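One structure is given here, and the rest of the page talks about it.
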Amino acid sequence: MVMADPILCSLQHNRAEAGAAAVKPAVKPLKLGVHTNKHNGQSIMKTRITELFGIKYPIIQGVIHYVGYAELASAVANAGGLGLITGLTQPTPEALAKEIARCRTMTDQPFGVNLTFLPSFKKPPYPEYIDAIIEGGVKAVETAGRNPEVHLPRLKAAGIKVIHKCTSVRHALEAERIGCDAVSVDGFECGGHPGEDDVPNMILLPRVAEELKIPFVGSGGMADARSLVAALALGAEGISMGTRFVATKEAPVHETVKHALVEADLLQTRLIMRRLRNTERVLTNQAVDEILRLEEEKDEAITIADIRPLVAGTQSRKVLQDGEMDAAAWSCGMVAGLIHDIPTVKELIDRIMSDAALLIRGRLEGMLTA
Ligand SMILES: Cc1cc2nc3c(=O)[nH]c(=O)nc-3n(C[C@H](O)[C@H](O)[C@H](O)COP(=O)(O)O)c2cc1C
83 MVMADPILCS LQHNRAEAGA AAVKPAVKPL KLGVHTNKHN GQSIMKTRIT
133 ELFGIKYPII QGVIHYVGYA ELASAVANAG GLGLITGLTQ PTPEALAKEI
183 ARCRTMTDQP FGVNLTFLPS FKKPPYPEYI DAIIEGGVKA VETAGRNPEV
233 HLPRLKAAGI KVIHKCTSVR HALEAERIGC DAVSVDGFEC GGHPGEDDVP
283 NMILLPRVAE ELKIPFVGSG GMADARSLVA ALALGAEGIS MGTRFVATKE
333 APVHETVKHA LVEADLLQTR LIMRRLRNTE RVLTNQAVDE ILRLEEEKDE
383 AITIADIRPL VAGTQSRKVL QDGEMDAAAW SCGMVAGLIH DIPTVKELID
433 RIMSDAALLI RGRLEGMLTA
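For the sequence shown, our numbering gives the first residue as 83, with consecutive numbering after it.
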């Protein structure tokens, strides 16, 4: 489903015009607490997030189970964003150490590792995963799920910057209190686990901005320059994207999955595991229909054991890597409705950054009358 987007069309038109005026030399301070420069023909954006992680653009690739391998993390790093290896996709700490070493052969830019602390069928050996991160010389860690406080002293002592992913103002403040360097705020629209408060980013991000002192990125529903500029306007200092990065050339997922994202519209996600207070946003398929049927049937008596074969990570791997689209539930954001192509990571990030400059300098500044 390829749709003509009026704003992007006008962006492309503006871009052609901007090309004609490319000699414009000035480094123009913007009115958003953000500064842009011209560098190799690309716009550079400096925020506290780019400074914190030593990256060119304020774009983070969110943790993606069974997708966040070295191929994707290094592609994002090489394109100027912060790529993340999904720690727990690696079956053991030794495997994570090898994946970090493999990523180093693919990029000389900074990249990070995510550690997700969620209820799982088998508790991973987190301290050993942290050993692999520290010994691998990784300087950025994204934590997600439960409170990472007990692991922070070791990470901080190793000079690692920690960004914690959360879904509410209170959890963002708690992350700040325990010493996290930044927060990634996931709104209700996000793929994966949006929490139980159901507050979308249009409200959540400015509320977080009102309270938080450390920098944060907006996550959930981010797909393009419009998302980035909106997130900046709402107080964030960058964005994190999950679903959008799945539909890129380098994402190591089955082609059928990428095309399913291009085909999907914004009404095709569902919330599962609500009654278990472990809500997950997923793309609808036969497995999801069955989960929802069981949840309806068993109501409050439902347990994880009732749906385990349909939600286990190993099953979602069948979808993502083998293209068995009905095998299990798999995380997907409403933003699928904004995905119309399968670019390379570099094409995607370059497009976001150049369109963002056009949006800010052209569309927004052009609306000012004084
Ligand atoms: C296929 C897929 C797998 C994901 N796996 C994880 C995970 O293992 N841990 C986690 O905390 N978040 C996970 N997420 C959530 C993302 O890191 C990110 O927060 C979310 O995708 C942002 O919303 P968006 O999809 O609208 O960009 C996953 C998302 C997707 C699409």
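Ideal Cβ positions, reconstructed from N, Cα and C, are used throughout, including at glycine. For clarity, every value in this text was computed on a predicted model and none was experimentally measured.
> Considering only residues of the same chain and omitting the five flanking positions on each side of Ala-157, which have a CB-CB separation below 6 angstroms?
Replying inline: Glu-332, Val-427
> Where are the beta strand (DSSP E) runs, 3 residues long or more, that stay fully inside the segment 252 to 302, in chain order?
Replying inline: 264 to 268, 298 to 301
> Is Cys-414 helix, strand or coil when you go by DSSP?
Replying inline: coil
> Roughly how many angstroms separate the alpha carbons of Ile-216 and Ala-264, rounded to a whole number?
Replying inline: 19 angstroms
> In its own chain, which residues sit with a C-beta less than 7 angstroms from the C-beta of Lys-113, not counting the 5 before and 5 after it?
Replying inline: In this prediction, Lys-113 has a pLDDT of 38, which is less than 50 and means its spatial position is unreliable; what the coordinates show is noted afterwards. Excluding residues within five positions, none has a Cβ falling inside 7 angstroms.
> Within the present structure, is the beta-carbon of Arg-326 separated from the nearest heavy atom of ligand 1 by less than 7 angstroms?
Replying inline: yes
>> Do Thr-338 and Gly-405 have their beta-carbon atoms positioned less than 8 angstroms apart in this structure?
In response: yes
> Can the beta-carbon of Thr-187 be found closer than 8 angstroms to that of Ala-226?
Replying inline: no
>> By the three-class DSSP mapping on this structure, what secondary structure does Glu-406 have?
In response: coil
> How close, in whole Å, do the beta carbons of Val-344 and Ile-431 come, if the pair is a contact with beta carbons under 8 angstroms?
Replying inline: Not quite, the Cβ-Cβ distance comes to about 18 angstroms (not below 8 angstroms), so this is no contact.
>> With a threshold of 8 angstroms on Cβ separation, who are the neighbours of Cys-262 within its own chain once the five nearest residues in sequence on each side are excluded?
In response: Thr-225, Pro-230, Leu-234, Val-244, Ile-245, His-246, Ile-296
>> Looking only at its chain, what residues have a beta carbon closer than 6 angstroms to the beta carbon of Leu-420, apart from the 5 residues adjacent to it on each side?
In response: Ala-305
>> If distances are taken between C-alpha atoms only, which option among Ala-315, Thr-351, Pro-175 comes closest to Glu-447?
In response: Ala-315
> Apart from the five residues just before and just after Ala-409, which ones in its own chain have a Cβ nearer than 7 angstroms to its Cβ?
Replying inline: Ala-369, Gln-397, Lys-400, Val-401
> Buried or exposed: Glu-271, going by 16 or more other Cβ atoms within 10 Å of its Cβ?
Replying inline: buried
> Which residue or residues does DSSP assign as beta-bridge partners of Gln-397?
Replying inline: The partner list for Gln-397 (beta bridge, DSSP) is empty, contrary to what the question assumes.
>> Which residue marks the beginning of the alpha helix (DSSP H) containing Ser-322, and which one marks its end?
In response: Looking at the DSSP string, Ser-322 is not in any alpha helix (DSSP H); the run it does join, the beta strand (DSSP E), is 321 to 323.
>> Give the list of continuous beta strand (DSSP E) stretches no shorter than 3 residues that lie fully inside the segment 142 to 214.
In response: 165 to 168, 193 to 199
>> Considering Cα atoms alone, identify which of Gln-191, Pro-192, Asp-190, Ile-167 is closest to Lys-180.
In response: Ile-167
>> Assuming the contact rule is C-beta atoms closer than 8 angstroms, Gly-274 and Glu-362 should be a hit. Round their C-beta distance to whole Å, please.
In response: 6 angstroms
> So which of Gly-194, Leu-294, Trp-412, Arg-289 has the shortest CA-CA distance to Gln-350?
Replying inline: Trp-412
>> Does Thr-249 pass the burial test, meaning 16 or more other C-beta atoms within 10 Å, or should it be called exposed?
In response: buried
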